[in-house]
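FYI, in this note's numbering the residues of the sequence shown are 43 to 121.
One structure below.
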Amino acid sequence: VDGRVQPLEWMVEWVSVGDKRMCATCTTEGDAGFRPLVSLNTVPGGDTQCRARCRCVLVLWTRKEVDKGTAVPLSGKLG
């Protein structure tokens, strides 16, 4: 409120495909939902079981978008 710009807190969703070809890493990460970007331990195609065959992507949202409900979950679910 002193006129300074507040830093954004970035949130991330690990968006998995949601099919039977997903590895266990991508299944777990895709089920985690929105979380702080700084909490990621790896990225798609990084230290995942599927390695370079990974088809997942990261989608970034601000904390404000997540809190307001304007962030849309995109990760696929097996079912």
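Yeah, the Cβ is synthetic: ideal placement off N, Cα and C, and Gly gets one too.
Bear in mind that the values here come from a model prediction, so they are computed numbers and not experimental data.
Alpha carbon to alpha carbon, what distance is there between residue j and residue i?
i: R97; j: G45; result: 42 Å
i: G60; j: L82; result: 20 Å
i: R73; j: Q48; result: This sequence places Asp at residue 73; Arg is not what is there. Distance between the alpha carbons of D73 and Q48 is about 30 Å.
i: K62; j: V80; result: 29 Å
Suppose the cutoff is 7 Å on Cβ atoms and the five residues either side in sequence are ignored; what does the same chain contact list for residue i look like?
i: A94; result: G87
i: G121; result: Only weak support is given to the placement of G121: the predicted model assigns it a pLDDT of 45, under 50, and the value that follows is read from those uncertain coordinates. There are no such residues.
i: L116; result: E55, V57 and V101
At the 8 Å Cβ level, is residue i part of the contact set with chain D, yes or no?
i: L100; result: As a matter of chain content, chain D is missing from the structure shown, which is built from one protein chain.
Just reading off the alpha helix (DSSP H) that residue i is part of, what are its end residues?
i: E51; result: It is not in any alpha helix (DSSP H) - E51 carries neither H nor E in the DSSP assignment.
i: V108; result: R105 to K110
Looking at the unbroken beta strand (DSSP E) that takes in residue i, where does it start and where does it end?
i: T90; result: Run containing T90: none; DSSP gives neither H nor E here.
Would you please state the rounded distance, in angstroms, between the beta carbons of residue i and residue j? I believe it to be under 8 Å.
i: L100; j: W56; result: 6 Å
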